[in-house]
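Report on the structure given below.
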Amino acid sequence: MENTIDVLIGYLIVILIIFLFWVIPIWFGLKWARIKGVSKLWMLSGIHPLTGWIAYLILRFGIDPRKQCDKCKESIKIEAQICRHCGNKMSQEEINISIREFEERKK
Ligand SMILES: [Zn+2]
């Protein structure tokens, strides 16, 4: 009887560890990848239990929100006035819209 409880507690601890080091950081990481408009491949680094949280924290606090350039479809910062890939100029109106959309996604 005691043995069964030990095994159960063992399972619970394993599940808890999986949640703490994989499920939670990857889930949050993917959410913030979507909000910031960066590649979800970022969270591939979450496969390693130690880097999952780090990747999430960088995504959340260390990366500027991005959007796609209308002309060349490359990823650029949402505040960019000129696309660094094709030189496409963004009006202040477009920049404001991008920033508003980003604030909207954060909710
Ligand atoms: Zn461009």
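For what it's worth, this note's numbering labels the leading residue of the sequence shown as 6, then goes sequentially.
Backbone N, C-alpha and C define an ideal beta-carbon position, used for all residues, glycine too.
Every value quoted in this text rests on a predicted model; they were computed, and no experiment measured them.
| Item | Value |
| --- | --- |
| Beta-ladder partner(s) of Q73, from DSSP | S80 |
| Any residue whose CB is nearer than 6 Å to a heavy atom belonging to ligand 1, listed in chain order | C74, K76, C77, E79, C88, H90, C91 and N93 |
| Proximity of I104 and E84 at Cβ, strictly below 9 Å | yes |
| Buried or exposed by the 16-neighbour rule on C-beta atoms within 10 Å, applied to K72 | buried |
| R89 versus K78, K112, L55 and P30, residue with shortest Cα-Cα distance | K78 |
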